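Protein chains in written order, with the numbering used here: chain A, 1 to 251; chain B, 1 to 251.
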DNA sequence: AAGGTCGATCCTGTATACAGACAGGACTCA
DNA sequence: TGAGTCCTGTCTGTATACAGGATCGACCTT
């Protein structure tokens, strides 16, 4: 998941993929817009072959949609799609948590998760949370979810969760930054952290159903965040992921 | 999902993809084996460009695995992976059924599902079930599951279910044929059909939790089928999907 | 004036050529 | 005899050329 080698050592295909993805997520390429290969060539300054590879990869990443007659267009998502994707992630993370609980995650394996938990605790504890702390929270939160997913010990489950989380609006930290400007921010963070605590406790005690249920509910915090952010439209700039929303749904 | 145009009208890329997939699923290409591009060129008789596209597609279909140094190898699966994939499908189909129930599938939309249900009923009713009836059951069963998935009305959910079901050993009808030779066959079919009936009833009555639970349990029938088939190894030839199983797990 | 048909242009699908990277083996030196 | 280095062969990554097809516009016909 790390793109540490952002240097020129990486392949043209990956470079094209990153460039195109950035343009899609930033809204430079609008939803529904067709992307011709040579247009992509012009954008990315690489040849058609790697560009085509990048387009195919972005397609099954879910950001592009194949056009029957050939070529690709930027996929558009409704608000319903976004909410469903979040519920989907919650369901899958719930499954991962249940697996972790039922299969008896060893104390040794639980250790990193617990460390991550207490790191998050420290961040949440400060009352007026700084923007930097928020940013750190996003990072640690992503790490927590990744560790939890891995704890399922199931490659197929991990794979599916990664696929869902690849959608920018469905990732565990998608709408955390959006709330940083809201008065309810701190409360939501505290509730989220409570969920984290419970799921670790449930896993430790082999309570599969409890672990599953709390992860499902945990994902629904993202729904609440999204709704709040959409209502207070002042901070929509913190939600680049919404560039993929269809105009019909943004009304 | 239909590949009706098996003619020469289809693209070289798709042709290569189909040919390679067949060889993987039939076990001609063994798990762990590396597939070089020019080897694939020789097999499929198409040029390197479409072959490469096909390999990428098969990778994110889950049948191939990228090698860090470049190239691809046939992915190997443990028995645990297979069982987890089935549980995964059950969880996702459960979510789809719950969505269908909670969102109130209209009587009009439920109609095809009910028709499919009664068609299945007729097939199951005959006591010594012929092999032809078994084969018909597989087809109708796949149709039932597809209709149910669609009834969720959620594109992201449908997409994920399709992805999981693409794994040959996780599809709803993966191990149905395998039981055709078993004495327990008829019983299992009856139980499966009972599940079908219950989920339709639950959806009709807006019982989301019930619909979800029964679909989860329904998937576990596949686990039972698999275990039975693995025990009576006499009919492993009915399970081409198991070609992907690692040798360690087949012991 | 409107609709259909023909043509041109652009685009995608495919093939192939070339360069760099990696691996395996052989040879040499200690 | 063993280890290290160099060389060679093969493979992947990339670029580009070519052909078939689709789409859009313009012109002609009714």
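Just so it is clear, CB atoms sit at the ideal spot from N, CA and C, and this is done for glycine as well. This structure is a prediction, so every number in the text was calculated from the model and none was measured.
Give me, in chain order, the residues of the same chain whose beta-carbon lies closer than 6 Å to that of residue i; leave out the 5 immediate sequence neighbours on both sides.
{"i": "residue 55 of chain B", "result": "72"}
{"i": "residue 86 of chain B", "result": "170, 219, 222 and 223"}
{"i": "residue 159 of chain A", "result": "none"}
{"i": "residue 189 of chain B", "result": "124"}
{"i": "residue 19 of chain B", "result": "44"}
{"i": "residue 211 of chain A", "result": "97, 98, 101, 199, 202 and 203"}
{"i": "residue 27 of chain A", "result": "243"}
{"i": "residue 250 of chain B", "result": "For residue 250 of chain B, the predicted model reports a pLDDT of 39, less than 50, meaning its position is unreliable; a value from the coordinates is still stated below. No residues qualify anywhere along the chain."}
{"i": "residue 217 of chain B", "result": "none"}
If I measure Cβ to Cβ from residue i and keep anything under 8 Å in the same chain, skipping five residues before and after, which residues do I get?
{"i": "residue 200 of chain A", "result": "110, 113, 114 and 117"}
{"i": "residue 120 of chain A", "result": "137, 140, 141, 144, 193 and 196"}
{"i": "residue 41 of chain A", "result": "47, 48 and 51"}
{"i": "residue 6 of chain B", "result": "Because residue 6 of chain B carries a pLDDT of 37, less than 50, the predicted location of this residue cannot be relied on, and no value is offered for it."}
{"i": "residue 161 of chain B", "result": "89, 92, 93, 96 and 149"}
{"i": "residue 23 of chain A", "result": "29 and 43"}
{"i": "residue 131 of chain B", "result": "180"}
{"i": "residue 126 of chain B", "result": "133"}
{"i": "residue 168 of chain A", "result": "25, 174, 240, 241 and 244"}
{"i": "residue 187 of chain B", "result": "none"}
{"i": "residue 154 of chain A", "result": "96 and 99"}
{"i": "residue 66 of chain A", "result": "59 and 72"}
{"i": "residue 33 of chain B", "result": "73 and 74"}
{"i": "residue 191 of chain A", "result": "221"}
{"i": "residue 37 of chain B", "result": "48, 51, 52, 55 and 71"}
{"i": "residue 213 of chain A", "result": "94"}
If residue i and residue j are in contact, beta carbons under 8 Å, what's the gap, nearest whole angstrom?
{"i": "residue 170 of chain A", "j": "residue 25 of chain A", "result": "Rounded, the Cβ-Cβ distance is 13 Å, inconsistent with contact."}
{"i": "residue 179 of chain B", "j": "residue 141 of chain B", "result": "Between residue 141 of chain B and residue 179 of chain B the Cβ distance is about 12 Å, and since that is not below 8 Å, they are no contact."}
{"i": "residue 76 of chain B", "j": "residue 128 of chain B", "result": "Actually they do not touch by this definition, with Cβ atoms about 39 Å apart."}
{"i": "residue 157 of chain A", "j": "residue 99 of chain A", "result": "7 Å"}
{"i": "residue 245 of chain B", "j": "residue 79 of chain B", "result": "7 Å"}
{"i": "residue 63 of chain A", "j": "residue 108 of chain A", "result": "Their Cβ separation, rounded to whole angstroms, is 38 Å, which puts residue 63 of chain A and residue 108 of chain A out of contact at 8 Å."}
Following the continuous alpha helix (DSSP H) through residue i, name the residue where it begins and the one where it ends.
{"i": "residue 66 of chain A", "result": "Element bounds for residue 66 of chain A: not the alpha helix (DSSP H) but the beta strand (DSSP E), 64 to 66."}
{"i": "residue 110 of chain A", "result": "107 to 125"}
{"i": "residue 43 of chain B", "result": "37 to 44"}
{"i": "residue 86 of chain B", "result": "79 to 102"}
{"i": "residue 30 of chain A", "result": "Careful: residue 30 of chain A lies outside any alpha helix (DSSP H) and carries neither H nor E."}
{"i": "residue 136 of chain B", "result": "131 to 151"}
{"i": "residue 25 of chain B", "result": "12 to 25"}
{"i": "residue 128 of chain B", "result": "Element bounds for residue 128 of chain B: n/a, residue is neither H nor E."}
{"i": "residue 54 of chain A", "result": "48 to 61"}
Starting from residue i, trace the beta strand (DSSP E) both ways and give me its first and last residue.
{"i": "residue 72 of chain A", "result": "72 to 74"}
Skipping 5 residues on each side, what residues in its chain have a beta carbon closer than 7 Å to that of residue i?
{"i": "residue 61 of chain B", "result": "166"}
{"i": "residue 215 of chain A", "result": "90, 93, 94, 97 and 199"}
{"i": "residue 8 of chain B", "result": "Any reading at residue 8 of chain B must be qualified, since the residue scores a pLDDT of 43, below 50, and its modelled position is unreliable; no value is offered."}
{"i": "residue 208 of chain B", "result": "98, 101 and 102"}
{"i": "residue 14 of chain A", "result": "none"}
{"i": "residue 83 of chain B", "result": "223"}
{"i": "residue 81 of chain A", "result": "none"}
{"i": "residue 39 of chain B", "result": "none"}
{"i": "residue 68 of chain A", "result": "none"}
Beta carbon of residue i, beta carbon of residue j: below 8 Å?
{"i": "residue 254 of chain B", "j": "residue 206 of chain B", "result": "Any answer about residue 254 of chain B is impossible in this case: the structure gives chain B only from 1 up to 251."}
{"i": "residue 105 of chain A", "j": "residue 151 of chain A", "result": "yes"}
{"i": "residue 57 of chain A", "j": "residue 12 of chain A", "result": "no"}
{"i": "residue 147 of chain B", "j": "residue 182 of chain B", "result": "no"}
{"i": "residue 10 of chain B", "j": "residue 74 of chain B", "result": "no"}
Nearer than 7 Å: is that true of the beta carbon of residue i relative to any heavy atom of the ligand SAH?
{"i": "residue 123 of chain A", "result": "Annotation note on the ligand SAH: not contained in the displayed structure, which lists no ligands."}
Starting from the N-terminal side, write out each stretch of the alpha helix (DSSP H) that is 4 residues or longer and does not extend beyond the region 155 to 235 of chain B.
155 to 165, 185 to 204 and 208 to 231
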